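Q: I have a structure I would like to understand better, so I am pasting it below and will then ask my questions one at a time.
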Amino acid sequence: MSSVLYDLPGPAARRRAQIGSAVGAVVVAGLLALVLWRLIDRGHFSEQRWEPFADPDTWNAIGEGLVNTIKAAALAIVLSLVTGVLLAAGRLSDRSYVRVPVVTVVEFFRAVPLLMLIFFFFLASPSTLGSYGALVAGLTLYNGAVLAEIFRAGILSVPRGQSEAAYSLGLRKTQVMGQILVPQAVRAMLPALISQCVVVLKDTSLGFIVVYPELVRTGRQIYDSYFNIIPAVIVVTAIYVSMNMSLSWLAGWLERRTRQRSDQPVLSAADVDQGAAV
Amino acid sequence: MSARRLRGLGAAAALALALTACGGGDDAATEVVTDAKFPAGSSMAKFNEAGTIKIGTKFDQPGIGAKKPGADAPEGFDPEMAKIVAAKLGIEPDKIKWVETVSDNREPFLQNGTVDLVFASYSITDERRQVVGQAGPYYVTGQQLLVAKDDDSIKGPDDLEGKKVCSVEGSTSIKTVEEEYGANPAPFATYSECVQQLLSGSVDAVTTDGAILLGYTAENPDKLKVVGDAFSEERYGIGFKKDDTKLCNFLNETLEASFEDGSWQEAFDQTLGEAGVEAPEAPTVDPCE
Amino acid sequence: MEILLDNIGKILEGFQVTLILFAGGTVLALVVGTVLASMRVSPVPPLRLVGATYVNVVRNTPLVLIFIIVVFALPELGIQFSFRLFAILAVGAYTAAFVTEALRSGVNTVQAGQAEAARALGMTFGQTLSHVIMPQAARSVIPPMGSILIALLKNTSVAAGFGVIEATGTLRELGRDFPQALYWLFFGIALGYVVLVLLVSAVFRQLERRLVVVR
Numbered sequence: 000m001s002s003v004l005y006d007l008p009g010p011a012a013r014r015r016a017q018i019g020s021a022v023g024a025v026v027v028a029g030l031l032a033l034v035l036w037r038l039i040d041r042g043h044f045s046e047q048r049w050e051p052f053a054d055p056d057t058w059n060a061i062g063e064g065l066v067n068t069i070k071a072a073a074l075a076i077v078l079s080l081v082t083g084v085l086l087a088a089g090r091l092s093d094r095s096y097v098r099v100p101v102v103t104v105v106e107f108f109r110a111v112p113l114l115m116l117i118f119f120f121f122l123a124s125p126s127t128l129g130s131y132g133a134l135v136a137g138l139t140l141y142n143g144a145v146l147a148e149i150f151r152a153g154i155l156s157v158p159r160g161q162s163e164a165a166y167s168l169g170l171r172k173t174q175v176m177g178q179i180l181v182p183q184a185v186r187a188m189l190p191a192l193i194s195q196c197v198v199v200l201k202d203t204s205l206g207f208i209v210v211y212p213e214l215v216r217t218g219r220q221i222y223d224s225y226f227n228i229i230p231a232v233i234v235v236t237a238i239y240v241s242m243n244m245s246l247s248w249l250a251g252w253l254e255r256r257t258r259q260r261s262d263q264p265v266l267s268a269a270d271v272d273q274g275a276a277v
Numbered sequence: 000m001s002a003r004r005l006r007g008l009g010a011a012a013a014l015a016l017a018l019t020a021c022g023g024g025d026d027a028a029t030e031v032v033t034d035a036k037f038p039a040g041s042s043m044a045k046f047n048e049a050g051t052i053k054i055g056t057k058f059d060q061p062g063i064g065a066k067k068p069g070a071d072a073p074e075g076f077d078p079e080m081a082k083i084v085a086a087k088l089g090i091e092p093d094k095i096k097w098v099e100t101v102s103d104n105r106e107p108f109l110q111n112g113t114v115d116l117v118f119a120s121y122s123i124t125d126e127r128r129q130v131v132g133q134a135g136p137y138y139v140t141g142q143q144l145l146v147a148k149d150d151d152s153i154k155g156p157d158d159l160e161g162k163k164v165c166s167v168e169g170s171t172s173i174k175t176v177e178e179e180y181g182a183n184p185a186p187f188a189t190y191s192e193c194v195q196q197l198l199s200g201s202v203d204a205v206t207t208d209g210a211i212l213l214g215y216t217a218e219n220p221d222k223l224k225v226v227g228d229a230f231s232e233e234r235y236g237i238g239f240k241k242d243d244t245k246l247c248n249f250l251n252e253t254l255e256a257s258f259e260d261g262s263w264q265e266a267f268d269q270t271l272g273e274a275g276v277e278a279p280e281a282p283t284v285d286p287c288e
Numbered sequence: 000m001e002i003l004l005d006n007i008g009k010i011l012e013g014f015q016v017t018l019i020l021f022a023g024g025t026v027l028a029l030v031v032g033t034v035l036a037s038m039r040v041s042p043v044p045p046l047r048l049v050g051a052t053y054v055n056v057v058r059n060t061p062l063v064l065i066f067i068i069v070v071f072a073l074p075e076l077g078i079q080f081s082f083r084l085f086a087i088l089a090v091g092a093y094t095a096a097f098v099t100e101a102l103r104s105g106v107n108t109v110q111a112g113q114a115e116a117a118r119a120l121g122m123t124f125g126q127t128l129s130h131v132i133m134p135q136a137a138r139s140v141i142p143p144m145g146s147i148l149i150a151l152l153k154n155t156s157v158a159a160g161f162g163v164i165e166a167t168g169t170l171r172e173l174g175r176d177f178p179q180a181l182y183w184l185f186f187g188i189a190l191g192y193v194v195l196v197l198l199v200s201a202v203f204r205q206l207e208r209r210l211v212v213v214r
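Residue numbers (numbering that gives the first Met the number 0), protein chains in the order written: chain A, 0 to 277; chain P, 0 to 288; chain D, 0 to 214.
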């Protein structure tokens, strides 16, 4: 691999890189070995600690947890898309009496920790929401506010000439939005939207504060029952990482594909609001 | 009872067997009443007709109420008591819908009908009786301290000044040690997590009701011990929706009957008793208002 | 309202802890993030691999899980810190992955000619990176970095579930003691977060204005 940062390595540099590789590999392998050794030494890889994972009941529980995670994430994504569209429309409005309150709401929900929102909804309205409802409500408002920004950025990413041309043809604002800007913006926003799905999937784990039985909570139950924290954490992390990496990969693939097919700008999550995607 | 014979297999296995053995007709107390009659319109009649009931209990407290991941039902003293009550309502144990409750969500769950009854190491307090009904008590315990076996510096709550003490968020125990004994509170989600923190040395003590703590010493007898006398009195009651006096009377009568016919004692022996908790005297229930 | 005012001391204490976590987490995330970003663009393949693996795993793991790993698994390795330090480690390690990615895309925004010129002057990879590329990259990553640090600030709230009583933990405590004043307490503490977020954004807007390179 070459890079602008360094020349194609010559013989001396290659040797140095090889030595560096070897040293780096040894250090990393050494660290990993040390960690593994300590874990084995303390019996974390003993049969007894892994035994629960041979029990189909454990996997049923994990499956249930995964289903609950997806259930909360899916509903939250759908609802936050709707919320996001409404808020973005409000924010792009020409009327200040619409724009100002909407901006306030968006900024408020972007500034308050999601964990606190979920907890508040749970306590404030337990009679209608329950833990599932509180989690979904929190996720919806928070992500709705973030998505509103993605939508807005998406609309603004469409080159000005497009809307100018449309206006000069005599289209009204709603027509320009609906027929010209939104269709082009959606394509640009798709990767950012998928990245946001990863965020929602991860954030369902904040449901711990209202005891929503999602995947991470299931993992906690497993190690609470069998005192096998390391195996439980390894399994749950593996599930989460593979699920989210597939989604991230999909987002990246869409981004590359969109870039190849047109010269139109593409929004990645990074362009819009990296922090919101954290 | 089979539980007696199979003690060596451990409480959980024995309990499962005991349950299948129940209903065989040898045990009058937990036998499901098939011809129960309740005043029309009462909550009891409603549960009886529905043939099912939603019970809130802890899922993470060995001995009191604990559910293994993937298991159908929790095991412990609280679920056993719930089964006794359900039986009196003509509801089979496997028709009970178990819902996990934690310290934070018991009142909301009762108020909004997520659960019909709460058996969740639910201490009776005046504040709680403002918002929900509490029948009983069916068990009296007190707040104690769990420390590492080799720790001699903590002998009671007076030694807690400046010590890191773990308990569960939203519980009354953590407030007591913080405000009355000057401990540094470390709130976690479950008692099991607190115990792990104690085992790894991240906290100096875990505090909650003695009965819960003894469940953990039974699991780790060579690493943990419970110290000191109880420094509070916790009276476990059955939570129900506020102002249902008929239901309250029914619950109290059922509890009193279970104290007398030995089913209460049996529920205790099979669960907390297995964990080495001393059998208490049957408490006197509070009159319903 | 009264209850909110009566407990203002407690709430401020909570925010003090939030700020400690925020400051510690920021320092850790920036240091680790910069090191990892350098690894990700370095000529040594194993270093690139380590950097990429870290970023991919950490970014796709929920923060709660990272907290569990730090708070429950590190003691199993014999590593023992206070809960505050654990919380700083958790949010710092998590945020570092995002800092790495922001810096890396920042490096890509620096024009190739800059690096080529540096190399033509005979600078090594380390010199090119530290004297020429990173200072320029840092400027173009200021806006995303602001967002990342705001997220870090909010993410410190997860520590409330792991033995630390910070601002969100304070809401939990007070909400339990004074359920009748829940709305006041929530909006009071939320306002605290809003103010902090605005402060961080203001600092970054200033930084941006001073440092940003016009291309």
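Quick reminder that beta carbons are idealized off the backbone N, C-alpha and C, glycines included. Note that the structure is predicted; figures quoted are calculated from it, not measured.
1. Is D:Ile10 close to chain P, meaning its C-beta is less than 8 angstroms from at least one C-beta of that chain?
2. Between which two residues does the alpha helix (DSSP H) holding P:Asn251 run?
3. Closest to P:Pro68 by CA distance: which of A:Leu214, A:Leu146, A:Ala28 is it?
4. With 8 angstroms as the limit, tell me which residues of the segment 39 to 72 of chain P have their beta carbon closer than that to any beta carbon of chain A; keep them in chain order.
5. Going by alpha carbons, who is nearest to D:Leu11 out of D:Ile132, D:Gly191, D:Met122?
6. Within the same chain, show all residues whose beta-carbon is closer than 6 angstroms to that of D:Val16, passing over the 5 residues directly before and after it, in chain order.
7. Within its chain, find whatever has a CB closer than 6 angstroms to the CB of A:Phe118; leave out the 5 residues flanking it on each side and keep chain order.
8. Can you check whether the CB of P:Thr100 is closer than 8 angstroms to the CB of P:Lys53?
9. Distance check for P:Gly272 and A:Val232, CA to CA, integer angstroms please.
10. If I'm right that A:Leu134 touches A:Ala71 with Cβ under 8 angstroms, what's the distance once you round it to whole angstroms?
11. Using a beta-carbon distance below 8 angstroms, is A:Ile229 in contact with chain D?
12. Pairing CB atoms from the segment 73 to 82 of chain A with CB atoms from the segment 139 to 149 of chain A, are three or more of them under 8 angstroms?
13. Listing by chain order, which chain P residues have their CB less than 9 angstroms from the CB of D:Pro74?
14. With a cut-off of 8 angstroms, does the C-beta of D:Tyr182 fall near any C-beta of chain A?
15. Whole beta strand (DSSP E) runs in the segment 165 to 203 of chain P with 3 or more residues, listed along the chain?
16. Give me whichever residues DSSP pairs with P:Val98 in a beta bridge.
17. Take P:Tyr235 as the anchor and find which of P:Phe76, P:Thr270, P:Phe46, P:Ala256 has the nearest alpha-carbon.
18. Give the straight-line distance between the Cα atoms of P:Val176 and P:Pro184, rounded to the nearest whole angstrom.
19. If we define contact as Cβ-Cβ less than 8 angstroms, is D:Gly32 a contact residue for chain A?
20. So A:Gly206 contacts chain P; which residues on that side make the cut at Cβ distance below 7 angstroms?
21. Classify P:Met43: buried if its beta carbon has 16 or more other beta carbons within 10 angstroms, exposed otherwise.
22. Helix, strand or coil: which one does DSSP assign to D:Gln110?
23. Taking only runs that begin and end inside the segment 3 to 91 of chain D, name each unbroken beta strand (DSSP E) of 3 or more residues, in chain order.
24. Below 8 angstroms between beta carbons: does that hold for P:Tyr180 and P:Pro61?
25. By a C-beta neighbour count over all protein chains shown, 10 Å radius and 16 as the cutoff for buried, is A:Tyr239 buried or exposed?
26. Against chain P, which members of the segment 68 to 97 of chain D pass a CB distance test of less than 7 angstroms?
27. Is DSSP giving D:Leu210 helix, strand or coil here?
28. Can you give the Cα-Cα distance for P:Ala70 and A:Asn59, rounded to whole angstroms?
29. Roughly how far, in whole angstroms, is the beta-carbon of D:Phe71 from the beta-carbon of D:Gly162, given that I think they are within contact range, below 8 angstroms?
30. Would A:Phe52 pass as an interface residue toward chain D - the criterion being a Cβ-Cβ separation below 8 angstroms?
31. Can you tell me whether DSSP reads P:Ile63 as helix, strand or coil?
32. Residues of the segment 119 to 143 of chain P in Cβ contact with chain A at a cutoff of 7 angstroms, in chain order, please.
33. Under the assumption that P:Lys245 contacts P:Val202 (Cβ atoms under 8 angstroms), give the Cβ distance between them as a whole number of angstroms.
34. What does A:Leu205 pair with, by DSSP beta-bridge criteria?
35. Please check if any C-beta of chain A sits within less than 8 angstroms of the C-beta of D:Phe14.
36. Among the residues of its own chain, which have a CB less than 7 angstroms from the CB of D:Thr25, if the five just before and after it don't count?
A: In this structure, then:
1. Taking Cβ atoms only, chain P never reaches closer than 8 angstroms to D:Ile10, which makes this a no.
2. Per DSSP, P:Asn251 belongs to the alpha helix (DSSP H) from 244 to 260.
3. In terms of CA proximity to P:Pro68, A:Leu214 leads the group A:Leu214, A:Leu146, A:Ala28.
4. Of all residues in the segment 39 to 72 of chain P, only Phe58, Asp59, Ala65, Lys66, Lys67, Pro68, Gly69, Ala70 place a beta-carbon less than 8 angstroms from a beta-carbon of chain A.
5. Nearest Cα to D:Leu11 within the set D:Ile132, D:Gly191, D:Met122: D:Gly191.
6. Closer than 6 angstroms at Cβ, skipping near neighbours: Glu165.
7. Excluding its 5 nearest sequence neighbours in each direction, A:Phe118 has C-beta neighbours in its own chain below 6 angstroms: Ile208, listed in chain order.
8. Annotated as distal: P:Lys53 and P:Thr100, with beta-carbon spacing of 8 angstroms or more.
9. In this structure, the alpha-carbon of A:Val232 lies about 33 angstroms from that of P:Gly272.
10. Rounded to the nearest angstrom, the Cβ distance from A:Leu134 to A:Ala71 is 5 angstroms, consistent with a contact under 8 angstroms.
11. With 8 angstroms as the cut-off, A:Ile229 counts as an interface residue toward chain D.
12. Judged by pairs of C-beta atoms under 8 angstroms, the segment 73 to 82 of chain A touches the segment 139 to 149 of chain A, as three or more such pairs exist.
13. The answer, in chain order, is Gln195, Gln196, Leu198, Ser199, Gly200, Ser201.
14. It does: the Cβ of D:Tyr182 has a partner Cβ on chain A nearer than 8 angstroms.
15. If you keep only unbroken beta strand (DSSP E) runs of at least 3 residues inside the segment 165 to 203 of chain P, you get 183 to 187.
16. For P:Val98, the beta-bridge partners assigned by DSSP are P:Gly55.
17. Ranked by how close their Cα comes to the Cα of P:Tyr235, the residues P:Phe76, P:Thr270, P:Phe46, P:Ala256 have P:Phe76 in first place.
18. C-alpha of P:Val176 to C-alpha of P:Pro184: approximately 8 angstroms in a straight line.
19. Interface with chain A (8 angstroms Cβ-Cβ cutoff): D:Gly32 is excluded.
20. What A:Gly206 touches in chain P: nothing, since even the nearest Cβ is about 11 angstroms away.
21. Flag for P:Met43 reads buried.
22. Coil at D:Gln110, not helix or strand.
23. None, since the segment 3 to 91 of chain D contains no complete beta strand (DSSP E) of that length.
24. Going by C-beta atoms, P:Tyr180 is not nearer than 8 angstroms to P:Pro61.
25. Answer is buried; the Cβ neighbour count reaches 16.
26. Taking 7 angstroms as the upper bound on Cβ-Cβ separation, chain P lies near residues Phe71, Pro74, Glu75, Gln79, Phe82 of the segment 68 to 97 of chain D.
27. Here D:Leu210 sits in helix by DSSP.
28. One C-alpha to the other measures close to 9 angstroms.
29. The Cβ separation is near 11 angstroms, so there is no contact.
30. Judged by the 8 angstroms Cβ criterion, A:Phe52 is not in contact with chain D.
31. P:Ile63: coil per DSSP, three-state reduction.
32. Those would be none; no residue qualifies.
33. Contact flag wrong, Cβ pair sits at about 45 angstroms.
34. Its beta-bridge partners do not exist; DSSP assigns none.
35. No, because no Cβ of chain A sits closer than 8 angstroms to the Cβ of D:Phe14.
36. If you ignore the 5 residues before and after D:Thr25, its C-beta comes within less than 7 angstroms of the C-beta of Leu148, Leu151, all in its own chain and listed in chain order.
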